[in-house]
Each structure stands twice: as structure tokens, then as C-alpha cells.
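The following block contains the structure:
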């Protein structure tokens, strides 16, 4: 059987992670965060989102260095829960069937929505535009990983250019008190700190992706050293960029406009420089959104590959292309399902993603890391989370806050998926046992 090539080094890994973390997220969620907390207090959500990301990132880095194989959370959950690992890892795979295509669809829908800034007529063809982007990304990823890695660096340049322009344009107008969220006034009718839970959901969505490199463990050079460095560097860099970018936006735009804008970065550049600059930044944001979709599909296809190779998922997903050595079946499957999800509204997609994923894999993974520490304290760990167990406690608490914060209909979405997955798992196990029993009797 063909083996995956180790073609991803430190900088390509950082590129993939940063692309995945930025995506279209901050360019569409900033107004949601500000309106949820009534203005500048929304900066607190970005800070807490960064705290959750670095805390959970340290947990993930320890697990990734200890278990450096393609599959990320699937491998971590399988190994850390002992006999229950088969069930927990299966539940992770089950939720991936929903959350992975939803994540990719969010990027496609965001791309289509921002396209309307340049092509107003696209407003009546949002679903078609989103689906087209999804299909093009799928076709592009049917290439060998070395070519994909080089392309990811090109896309990374586009991401950095977008962020650099936004920050450079606003720095001369930056007010340092924009960081002082505790002094910010609450606009009339807003929830203020009572809206922190909803604001945190959107902020956390914008940080998601710091773990993307873990899904490519079998394709990373020197993974025990490279993966932890990629995770930590990506989170710290993106966290700093987000805080500065938001402070610039708050310093320039009137707060009421910032809270209601549907294309806040374009409005921001138009306010500072003019309409031509707004059009240019819109093009770069589309580039960034496409880069995010690209990185998401690349990472999730490796999860299905690792699970199938391990025998805990459909065998067909373990197939690699005969000459290009990439999991083409998994890529095609994800692309097709994501294209279907492109017909769902963006707001529902974003809330569903966090509702489904908070418990499994994130909270379950943190508990699993602690279990591994207690069960085998002398096990070789190339990277250990700093200040253990503080990062695990902080991450677990903040993820718990995310779980209870969505709207009523989505608050228990993750529990529904877990319940359905558990029923499916035990039903499958029962059918397999019945089949073995019948074969034994026949013999």
C-alpha cells in the first residue's frame, strides 16, 4: 500500500494553520461580536477566545507530540480512553460527518456573501456561488501533497497581505483605549457583558484551526518537534493580529456602523481611503476565504483516511491515489457533502459548528490528556503543556461556557449528535456480533 510523503515542514505547517484560523471568519463575525456586547466590550470576547485557543492548543500540542500520526483528535481519543477509546473515537468520526462539511460550507457561504460587494447581482445566486467554490476547491486538492504545500504558501501570502493592509491603514488612527474594554460604554438596548457567551462563540469560531496540522501528522517532517511549534506560533501570531485589527476597526468606524455592517472591512477601507481601496480589499478577502476552504478540506480528508486505515471507518476512505499519494476518496466525499450544506444560512452554520464540536472532540480531548498523564506518568512526552494542569482547566471551563451559550435550539446540538452516534455504534456492534454468531453456527 502507498505511504503518505513527509513534505510539510515548519513554515508550510504554519501557513496551513494560519490560513485555517483566519479564513473568512473575522471579516464577517466582528459586527456580531460587537453587537452582542453593545460595542467595545466585544474586545473581551477576542481576549477570552485567544486564551481558550492557547490553553487548548497546549493540550493539543502535548498529545500531538506524543501521538504524531495523521488523524489528530481521532488518534488522541482512541489512545487516551483505553477500552472506551473505540466508542469515543467513533463518536468523533460521527460528528465529523456533520461538522467538517459545515465548516467548509461556512467558508464557501462567506465567500459568496462577500462576492456581492464586487458583484451585486450575485445576491440572487448565493447558493450557486458557494457551491461552485466548493467544487473548484475539491478539484484543486486532487493533487499530490508537495504541490498542495507549495500552493498553501502562495495562499498564505494573500492572507498576510489582507491583514497587513487592514492593520497598516488603521495604525495611524489607532486609539489605545480601544483595548480597554472595561471602559467601553454599552450602547442602548445591548446586552453588555450578558452577551459574552454569544460573542465568545463567534470569537472562538475565528480561532478554530490551530489544530489543523495534527490531521497531517504522517506528512510532517520531524513531527514531534514541528507540530507543537506550529500550533503555538500560529495561535500567538493570530491572536496578536486579531486584537490589533479589531482595535483599528473600533478606532475608525462609528460603533453603530461597525455593529450593523455586512462588509465591515470594506466599509472600513472606504472610510479611510475610498471606494477603490474597498474593492481591492474585498478581492483579498475572497482570496483569504478560498484559502481557508482549501486548508479545511485538506485537513479533514486526512481524518477520514486515518480512521479508515485503522479499521474503524469505511475501508474505501483509506484508498490513496496510485501515483499522487493523496486520499482522493475522502476528498471527493467531503467536497460533495459540503456542497449540499452550502444551501443552509450562514448564521445557522456557524452556531451548529460550535454546538456540535465543543463536547467532542474538544472537551473529551482535554479529559483524555489528563487521563494519559495519570495512567502513564513516565511515558515519553517530547512536548509537555506548560504549567500543567492550568491550561487543561482553563480550556475545559471555557469550552463548557461555549456549550451552554448558543440559542435554545442549538444548545444541545452536540448532545443530539453524541446520542445518535452512540446508538449507531452499539447497533453496528450488535449486528456484527449477530453475524459472527450465525457464521459460527453455520460452521
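In the working numbering, the protein residues as written are 127 to 569. Virtual Cβ for every residue (Gly too), placed ideally from N, Cα, C.
- Task: Could you please give me the residues that DSSP links to residue 346 through a beta bridge?
- Result: Within the chain shown, residue 346 is the residue found at index 220, counting from 1. DSSP, once it has assigned bridges, lists 134 as partnering residue 346.
- Query: Taking DSSP as the reference, what is the three-state secondary structure of residue 483?
  - Reply: Reading the chain shown from its first residue, position 357 is the one you call residue 483. DSSP places residue 483 in helix when its eight states are reduced to three.
- Classify residue 440 as helix, strand or coil using the three-state DSSP reduction. Locating residue 440 in the chain shown gives position 314, counting from the first residue. Residue 440: coil per DSSP, three-state reduction.
- Message: Below 8 Å on the Cβ atoms is my contact criterion, and I expect residue 386 with residue 150 to pass it. Report the Cβ-Cβ distance as a whole number of Å.
- Response: Taking the chain shown and counting its residues from 1, the one referred to as residue 386 is at position 260. Taking the chain shown and counting its residues from 1, the one referred to as residue 150 is at position 24. Wrong, their Cβ atoms sit about 19 Å apart, outside the cutoff.
- Task: Look up residue 237 in the DSSP assignment and say whether it is helix, strand or coil.
- Result: Translated into the one-based positions of the chain shown, residue 237 becomes position 111. Residue 237 falls in the helix class under three-state DSSP.
- Message: Once the 5 residues before and after residue 397 are set aside, which same chain residues still bring their CB inside 8 Å of it?
- Response: For the purposes of this step, residue 397 is identified with residue 271 of the chain shown, where counting begins at 1. Same-chain partners within the cutoff: 378 and 379.
- Span separating the alpha-carbon of residue 360 from that of residue 187: As a working mapping, residue 360 is identified with position 234 in the chain shown. As a working mapping, residue 187 is identified with position 61 in the chain shown. Distance between the alpha carbons of residue 360 and residue 187 is about 12 Å.
- Smallest Cα separation from residue 168: which of 375, 346, 267 and 551? For the purposes of this step, residue 168 is taken as the residue at position 42 of the chain shown. When only C-alpha atoms are compared, the closest one is 375.
- Query: Of all the options 504, 479, 417 and 512, which has the alpha carbon lying nearest to the alpha carbon of residue 537?
  - Reply: As a first step, residue 537 is located in the chain shown; it is residue number 411 there, counting from the start. Closest option to residue 537, Cα to Cα, is 479.
- Query: Under the three-state reduction of DSSP, which class applies to residue 569: helix, strand or coil?
  - Reply: Taking the first residue of the chain shown as 1, we reach residue 569 at position 443. Any reading at residue 569 must be qualified, since the residue scores a pLDDT of 46, below 50, and its modelled position is unreliable; no value is offered.
- Three-way DSSP call (helix, strand, coil) for residue 468 in this model: Taking the first residue of the chain shown as 1, we reach residue 468 at position 342. Residue 468: coil per DSSP, three-state reduction.
- Message: Once the 5 residues before and after residue 304 are set aside, which same chain residues still bring their CB inside 6 Å of it?
- Response: Position 178 of the chain shown, counted from the start, is the residue given in the question as residue 304. Result list for residue 304: 373, 376 and 377, in chain order.
- Query: Expressed to the nearest angstrom, what Euclidean distance is found between the alpha-carbon atoms of residue 434 and residue 502?
  - Reply: Sequence index remark: in the chain shown, residue 434 carries index 308 (1-based). Sequence index remark: in the chain shown, residue 502 carries index 376 (1-based). In a straight line, the C-alpha of residue 434 is about 27 Å away from that of residue 502.
- Does the region 204 to 221 come close enough to the region 519 to 530 to have 3 or more Cβ pairs within less than 8 Å? no
- Message: With H, G and I counted as helix, E and B as strand and the rest as coil, what does DSSP make of residue 300?
- Response: Within the chain shown, numbered from 1, the residue matching residue 300 stands at position 174. Note: residue 300 maps to coil in three-state DSSP.
- Message: Mapping the DSSP letters down to three states, classify residue 311 as helix, strand or coil.
- Response: In the chain shown, counting from the first residue as 1, residue 311 sits at position 185. Three-state result, residue 311: coil.
- Could you name the residues of the same chain whose beta carbon sits closer than 8 Å to that of residue 260, not counting the 5 residues immediately before and after it, in chain order? Here residue 260 refers to the residue found at position 134 of the chain shown. Result list for residue 260: 230, 231, 234, 419, 461, 464, 465 and 468, in chain order.
- Please list, in chain order, all residues of the same chain as residue 328 whose beta carbon is under 6 Å from its beta carbon, the five residues on each side excluded. Position 202 of the chain shown, counted from the start, is the residue given in the question as residue 328. Closer than 6 Å at Cβ, skipping near neighbours: 155, 158 and 159.
- Message: So the candidates are 350, 244 and 339; which of them puts its Cα closest to the Cα of residue 138?
- Response: On the chain shown, position 12 is the one that residue 138 refers to. The shortest C-alpha separation from residue 138 is found at 339.
- Backbone secondary structure at residue 533 - three-state DSSP: For the purposes of this step, residue 533 is taken as the residue at position 407 of the chain shown. Coil.
- Task: Tell me where the alpha helix (DSSP H) around residue 382 begins and ends.
- Result: As a working mapping, residue 382 is identified with position 256 in the chain shown. 381 to 386 is the extent of the alpha helix (DSSP H) around residue 382.
- Message: For a quick check, are the C-beta atoms of residue 408 and residue 254 less than 8 Å apart?
- Response: Within the chain shown, residue 408 is the residue found at index 282, counting from 1. Within the chain shown, residue 254 is the residue found at index 128, counting from 1. No, they are not a contact pair.
- Helix, strand or coil at residue 445 according to DSSP, with G and I counted as helix: Residue mapping note: residue 445 aligns to position 319 of the chain shown, counting from 1. DSSP places residue 445 in coil when its eight states are reduced to three.
- Item | The alpha helix (DSSP H) enclosing residue 496, as first and last residue numbers | As a working mapping, residue 496 is identified with position 370 in the chain shown. Taken as a continuous stretch (DSSP letters only), the alpha helix (DSSP H) holding residue 496 covers 490 to 501.
- Message: If we require 3 or more residues per run, which beta strand (DSSP E) segments fall completely within the region 386 to 419?
- Response: none
- Does the Cβ-Cβ distance between residue 215 and residue 200 come in under 8 Å? Here residue 215 corresponds to residue number 89 of the chain shown, with the count starting at 1. Here residue 200 corresponds to residue number 74 of the chain shown, with the count starting at 1. Cβ atoms of residue 215 and residue 200: closer than 8 Å.
- Item | Start and end residues, alpha helix (DSSP H) containing residue 153 | For this step, residue 153 is matched to residue 27 along the chain shown. Taken as a continuous stretch (DSSP letters only), the alpha helix (DSSP H) holding residue 153 covers 151 to 163.
- Whole-angstrom distance between residue 171 and residue 364, CA atom to CA atom: Counted from its first residue, the chain shown places residue 364 at position 238. Counted from its first residue, the chain shown places residue 171 at position 45. In a straight line, the C-alpha of residue 364 is about 15 Å away from that of residue 171.
- Inter-residue Cα distance where the pair is residue 147 and residue 320: Stepping through the chain shown from its first residue, residue 147 is reached at position 21. Stepping through the chain shown from its first residue, residue 320 is reached at position 194. Cα to Cα, residue 147 sits roughly 26 Å from residue 320.
- Within the region 199 to 258, ranges of the alpha helix (DSSP H) (whole runs, at least 4 residues): 199 to 206 and 211 to 244
- Can residue 403 and residue 412 be called in contact, C-beta distance under 8 Å? For this step, residue 403 is matched to residue 277 along the chain shown. For this step, residue 412 is matched to residue 286 along the chain shown. Their beta carbons are not under 8 Å apart, which means residue 403 does not touch residue 412 by this criterion.
- Message: If you measure between the beta carbons of residue 285 and residue 391, is that distance less than 8 Å?
- Response: Taking the chain shown and counting its residues from 1, the one referred to as residue 285 is at position 159. Taking the chain shown and counting its residues from 1, the one referred to as residue 391 is at position 265. In this structure, residue 391 does not lie closer than 8 Å to residue 285 by Cβ.
- Message: Using the three-state DSSP reduction, which class does residue 363 fall into: helix, strand or coil?
- Response: Reading the chain shown from its first residue, position 237 is the one you call residue 363. Three-state result, residue 363: helix.
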